[in-house]
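First residue of the sequence shown: 160, per my numbering; consecutive thereafter.
Structure first, then comments.
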Amino acid sequence: MTGEERFITAILTQAVEDTMYMGKRPRYLKHKADAIDWILNEESEDHWAFINYCAILGVDPARIKRKVKGFIDPKPVITTRLLDMIL
């Protein structure tokens, strides 16, 4: 694995780990919301990077999306989005 591939693997791994956060700390909930948006929101301006990173590694982005959808709890994300609008 090249240095670039290791770096991209670390980015994708961190994003998936961020989506699994179940705590209540606003800072980490923001990371969770951003990661979910990056992975699942095809309308996001940064979603292309997720797709490209998966292509570089030969990973099916749909597989990651299914796994993320399977374990996310949308309630904290909604709360975080509301907090973002208020702050």
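Positions of the beta carbon are idealized from the N, C-alpha and C atoms, including for glycine.
Bear in mind the structure is a predicted one, so any value in this text is a computation, not a measurement.
Where residue i falls: helix, strand or coil (DSSP)
{"i": "Y212", "result": "helix"}
{"i": "Y187", "result": "helix"}
{"i": "G217", "result": "coil"}
{"i": "E202", "result": "coil"}
{"i": "I231", "result": "coil"}
{"i": "T161", "result": "coil"}
Assigned exposure category for residue i - 16 Cβ within 10 Å defines buried
{"i": "T178", "result": "buried"}
{"i": "F230", "result": "exposed"}
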